[in-house]
Every structure is written in C-alpha cells, then in structure tokens.
Amino acid sequence: MLRVSCMDRKSGRKEANMLDLADVKKYFPVRGGPLRRKIADVKAIDGVTLHVAQKEIVGLVGESGSGKSTLGYTVMGIHKPTSGELLFRGQDLTKMRSANARAVSKQIQIVFQDPGSSLNPKRTIKQTLELPLKVHGLGNRRERLSRLRELMRTVELPEPYLYRSPSALSGGQRQRIAVARALASEPEFLVLDEPTSALDVSVQAKVTRLLMALSRELDLTYLFITHDLSLMRNVASKVAIMYLGRLCEMASASEFFAQPLHPYTKMLLSSIPVVSDEEERLKPPRVVSEGEIPSPVNRPTGCSFRSRCREAMKICETIDPPLVEVGDGHEVACHLYTQSDS
Amino acid sequence: MMRNEQALFDINNLEVSFRVFRGTLPVLDRANISVFQGEKVGLVGETGCGKSITMKATIGILPMPPAEIPHGEIRLHGKDILSLRGEQLRNARGQISLIPQDPGASLNPVFKIGTQIIDAIRYSSSGKGLNKRQMRSRAIEILKEVGLPDPERNLSCYPIQLSGGMKQRVLIAMALVTDPVLLIADEPTTALDVTIEDQILSLMRDAVDRRNLSILIITHNLGLVREFTDRLYIMYAGQVVEEASTKELFRNPLHPYSHGLIDSVPKLTGEGIAEGIPGMVPDYLDLPPGCRFAPRCAHAMEICSNTPMMSQQGEGRRVACFLHGQEIREERGQHA
C-alpha cells in the first residue's frame, strides 16, 4: 500500500547489516462459519522494515498486542512471514532450504520471557543445555561436557547446577540457564523476548548486566524486545517503537530519548513511572493516556494511532503516514512531521 | 501528617508461619503496618518477602493449616479482626475490598460481568433490601464511575470479551461497589501495559480521593509507589525493614536494602545498569542469625548477627538497621 517511501533507502546498506527486514508481513487467518473458511486476518505484523547492523542492540518496544513478539519469532523462524524479505547476512531466510536453514538457525537464537515455562521441568540443566549441541552436531560427548562447563562459567553459575532440575533454581538462575542455552551453538544474533520482565528488580539488574557483558565479549547482536523504555535507555543503541504491527518511530537511543517525536512515543514516555526527580525532568510533558490499542483484525483506516491521539487531524483519518526520515537516522510515521510533503 | 489519631487499619506485631514437612517457615516476623484515614500506603518488596501473605492474612484467605498466626493483631477501627467470628467478622471483612493482581484470572470466565457485579452487590451490606432492578442500576452506576465505556452493554459481556485494562476496571468496580473503607490492591497493574497502568492508577487515585478511602497497595514496582503513595513500608524476607514517607524514602533511603532496590531500577537518565543486590533472598528454613539482610549487605558489621529493632528516625520514619540505631531486638518469648 503506502509503504513505498521506506523501501528505496534500503539498497545502499544491504551489505553491512546483519539482519534486514523489508516490508515483512505476518497475517494469521481467522476462521469461522461451518466450513472453517478464512473470514479475516489478524495482521500481527503489517509491513515492518528494519535494519540491524552488526553488534547493534536494537530495542523493539511496544504494548501487548503490538506484534513485537511475533516479529521476534518471525526473525527466529518460528513463523514464516506472509510476505516481505527477511535477510540474515544477505541470505533470504524465507527461501532457504533445510540444510542451509539449520546452519542459519545455529546463528540466531532466542531467550524467552518466562524461564519458568521455557525450561523443560523434567530435564536436568545438563540435558537442556546439551540439546542444541546435539542438534547442531557439535563435538563428541567429552567435548560437549567441557562446552557445558564453559557455558556455566559464562553465565556465572556453579558447575554442579548442571545436574539440578529447573525447579531447584531461582528465577534469575533459570534465566541464566536460558541464556546459556541460547549461547550453546555460538550464535551471532540473539532475539531477547522480554528477558528480564518476569524477574525481581535486583535480579533484573544482574541479568541485564550479564547480557550486556556477553554482547561485548562475544560480539553479539541483539534484538531486544521489551516494554520497558527505561531499560532501553541504558542498553539499546537503537530504539524502534511498534504499534499495531507497524513501526511508528525509530532512532538511535540518544536521539530517541532526547527528542521523541511520535505522539504515541510521547504518551509512552510520559506514562513511565520513574524513581527520581532527575528522571521526571527528562520525561516529555505529560500526555494523558487514553484508550487502548485497537484490534489487529479491524485496523482503523488511516493512522492506526489516531483513535488515541490528541493531535489527530483530518488527514489522519484517511491516509496512513509512512515511516519517513526526519533527521539523522530518526524515522517517524506521523503526519505532523510530513505535512509539508503531502 | 497527624499521627495522634487512631489508625484506620493497623497490623500489630503480626507473625505468620507455615508448618510444612521440612519444618516451620517464619514467613512474617512481627510486622507492624498502619494505614490512616484517606492515606495511600505502599508495601514494597521482592518475590517471597511476605507481601502477599500480609494481604491474605488481612482479608482472611490464608490457608490455615498449613499457615498459622501464632501472634499479632490485625485491627480495623481498633477491633481485632482475627478475634472476630460470625456476623461481626463478615461485617468487618465487608469493609475491606481487594483489587487483585491478575485481572484475567480474577473474574469467573463462565459468568457475565453483570452477574458477577450484582453478586458482589447482593452480598454486601450496601445491597441489602435492593431489588433486581435497583441492583442492576447500581452496577451500571459503578461501571460508569470506573470509566467503562457503554456499561449497559458490557454488563452482558463475558470477561473474555474485555481487554486486560477493562477487566481491571470491572474488578475495581467490584471492589468499590461494597462501599469499603479500605482497599487493598495487590500488584494491581503488573499485568498491564504502561499506558493502561497510567489509566488504572489515575482511576484508583480519583476513586480513593473522591470517596475518602484508604488504600494499601502491594507491589514491587518502585516507580508506581513513588507516583501513587504517601507513605511506604519496605519488606525484606518477612520483616518490615523501613517505614517512611514516600518522598523521604526516595530522597534518602536509610536501609541498605531500600537503597539497593532503588538503585537496581533502570533509570531514564541512562547512567547504565546498576550492579543489583549481591546474593539471594534467604531460604525461610535457613535464615541467617540476626539481621536477615546482613549476608547481602555491603555495610554488614559484627553487631548484625543480632536482630535490629525498628528505630525511630524522625517524624514517621523508622528503620531496622544497626547503621541507624543500636537497639537489639530480643527474641520472642515474653510476648508469646
């Protein structure tokens, strides 16, 4: 549809990036009626273009229902995109054959939100961590064991924990195991799906520090999915805000927090509860939060945020604003900033 | 704030222990918490520190056994709820309403919203003698008050048809419809997004102020209590370790645990991620002798092998730490 303007800038950067998404869409069919015919689509991702450079930490922020986890899963290969290009180091993941796909899946791993349910309770930690090594055929039995020991050191857990079951570990320790499992196949790219939001604050800080240390030591690239903007201020190099399956603002972290543009971003930032007066001063002027995210089945016409936007204009009802660059790498999808062109 | 008036709600030296196969877990150790009329009080701590046990003991849903309350009082308007029985207990409990944590799990999925609200009205003291139509119009009224759009239609909706934020509004309506004097909110916004959290908080703030209610909000979210509450209690491993006005606590946390908690929150100022608090919350079966925080504390001293008393640190501020007072708490025996 109206997603043309962001496509033509892509070509120049293609080579240097680790991950390139071009107009990726993921629709889930809604079936109904006696014949279970498709009656509608849940447009979970509705045209996302995103570039992740090597060693970058991209924060993907949005509310529940914005499609951020679906995007993470699509990158992981858990979902096949409905349309669009998904390039990892220039290879199109959607058109890959199985042998190649396994080699690539070794490079892309994921850490899930809730370590309580993402670790198999019937397996020991050793069995859990060994599985990715076996799947990718890495090492014989002895080599695998020494790799497991190394992994435990990497995530700062004592070695004997290998023989425990997940239920004998605390939430923070379980999440460390989930990180170790993701690192087992020596990936280059990690999708972190809210890796700390199920943890207590003091534990959250420790796990986040570990993730950041790992990204430096192992040259990892992260797609960090979260709803915590304060956390992103401290870890991300680039922040992308997602709303109803589309990106509505994207910028480098420093630029993003210094000058948030999209009305939704401002609403998000001004709703964050903070713990000090200095932070209070950094928040944009208070935007009273109104309404809720619309259904991805019946997208509103025009801009999907207009139902909650204080600054909605006539044009917002009919034309969906494309994501356009308004300054040094700062992209925003809002008619407030593109009015002169239209 | 004036402190010579009697507290509306007062938890006095409350102890709760759980008798399990491995031994007796002292999960709440002489907790003192008071809430005054019209006050918004926060109870803050991490998982397993005894926050929810305090809430459960208060509204009487603690499973006993295995839990037991060997000592302590929970007083509403000066009357100890724990010693009440029958009609008196029901009346006292009717004055306390709970806003639960997970709006998705707290509404019955097989009954319509209207049925559930009308049930709450029917069994409350304010609903006595109302007929069906009056109860229905009262339900509509309360849904309007909590800002649920189109209340007439929503009465005949099932919970699954509403979003998380809407369900939380319904639960707040159910908490308010019994005309309570005290609200207890257990992590009321943890399951919600920040923008919805913002809406729910201002809704709760309006309701509390308009009806001159008191609220005890139980949470681990420090940013939330900073914006919402007047006064705070910090809990660690079953003990209240610090009590202060919200402003004071965030300006100058006295207990090393409070300090560590505030420090651990990622800041918008972007100063990097803090170290967090070293170590882990102790096992209740294997508690360290003396101060329960000492093994994780950077300031631990020799005296910390004793239990510190909550010592007064100026107006309305108390802390249980030997850095701020030398009083050793003697173990229970003469109290029992």
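Those sequence lines, one after another, are chains A and B.
Residue numbering for the first sequence follows our numbering, starting at 3 and increasing by one per position.
Residue numbering for the second sequence follows our numbering, starting at 408 and increasing by one per position.
Cβ coordinates follow ideal geometry from the N, Cα and C atoms, glycine included.
- With a cutoff of 8 Å on beta-carbon distance, S309/A and P302/A are scored as near each other.
- If only uninterrupted beta strand (DSSP E) runs of at least 3 residues are considered, those enclosed by the region 495–556 of chain B are 503–506.
- Counting along the chain, the unbroken beta strand (DSSP E) around G329/A starts and ends at 326–329.
- Between the region 441–456 of chain B and the region 622–629 of chain B there are three or more C-beta pairs closer than 8 Å, enough to call the two in contact.
- The count of Cβ pairs closer than 8 Å, one atom from the region 657–671 of chain B and one from the region 200–220 of chain A, reaches three, so the stretches are in contact.
- Residue D693/B holds the alpha-carbon nearest to the alpha-carbon of R429/B among G732/B, D693/B, E722/B.
- For K82/A, no CB of chain B lies under 8 Å from its own CB, so it is not counted at the interface with that chain.
- Listed along the chain, the chain A residues whose CB falls inside 7 Å of the CB of I669/B are V277.
- By the beta-carbon neighbour count (other beta carbons within 10 angstroms, threshold 16), N19/A is buried.
- Going by DSSP, H478/B is part of the beta strand (DSSP E) stretching over 474–483.
- For S66/A, the closest alpha carbon among the candidates A184/A, I243/A, L201/A is that of I243/A.
- The beta carbon of V113/A sits closer than 6 Å to the beta carbons of A180, V181, A184, L194, P197 from its chain, once the five residues preceding and following it are set aside; these are given in chain order.
- Note: H332/A is bridge-paired with G329/A in the DSSP secondary-structure output.
- Under the three-state reduction of DSSP output, A103/A falls in the helix class.
- Partner residues in the beta bridge of S424/B, as assigned by DSSP, are P433/B, E475/B.
- Excluding the 5 residues flanking it on each side, R426/B has same chain C-beta neighbours closer than 7 Å at P472, P473, E475, in chain order.
- For H627/B and S609/B, the gap between their C-alpha atoms comes out near 19 Å.
- Contact of F700/B with chain A is not assigned, every C-beta pair being separated by 8 Å or more.
- Every alpha helix (DSSP H) of 4 residues or more that sits fully in the region 115–141 of chain A is shown, in chain order, as 117–120, 127–137.
- Close to G511/B, with beta-carbon spacing below 9 Å, lies no residue of chain A; the smallest spacing is near 11 Å.
- The contact set of T228/A on chain B, defined by CB atoms closer than 7 Å, is empty, because the minimum CB distance reaches about 10 Å.
- Using a Cβ distance threshold of 8 Å, P470/B and S424/B do not count as a contacting pair.
- If you check the CB distance, R703/B and P685/B come in under 8 Å.
- At least 8 Å separates the CB of K40/A from every CB of chain B.
- For T626/B, no Cβ of chain A is located within less than 8 Å of the residue's own Cβ.
- Taken atom to atom, the span from the alpha-carbon of L121/A to that of P168/A is near 7 Å.
- For the region 65–89 of chain A, the beta-carbon criterion of a distance under 8 Å to any beta-carbon of chain B is satisfied by E65, S66.
- Going by DSSP, L661/B is part of no beta strand (DSSP E) at all; its letter is neither H nor E.
- With respect to the 8 Å criterion, A55/A and K28/A are not classified as neighbours on the basis of their beta carbons.
- Just so you know, the alpha carbons of R218/A and A681/B end up roughly 17 Å apart.
- Nearest to T320/A by alpha-carbon distance, out of T126/A, G329/A, G304/A, is G304/A.
- Taking a 10 Å sphere around the C-beta of L37/A, we find fewer than 16 other C-beta atoms and assign the residue as exposed.
- Under DSSP, T156/A forms no beta bridge with any residue.
- Residue-level contact by beta carbon holds for V601/B and chain A, with a gap shorter than 8 Å.
- In chain B, no part has a C-beta under 7 Å from the C-beta of I47/A; the shortest such distance is about 18 Å.
- Between A727/B and V632/B, the C-beta gap is not smaller than 8 Å, which leaves the two residues out of contact.
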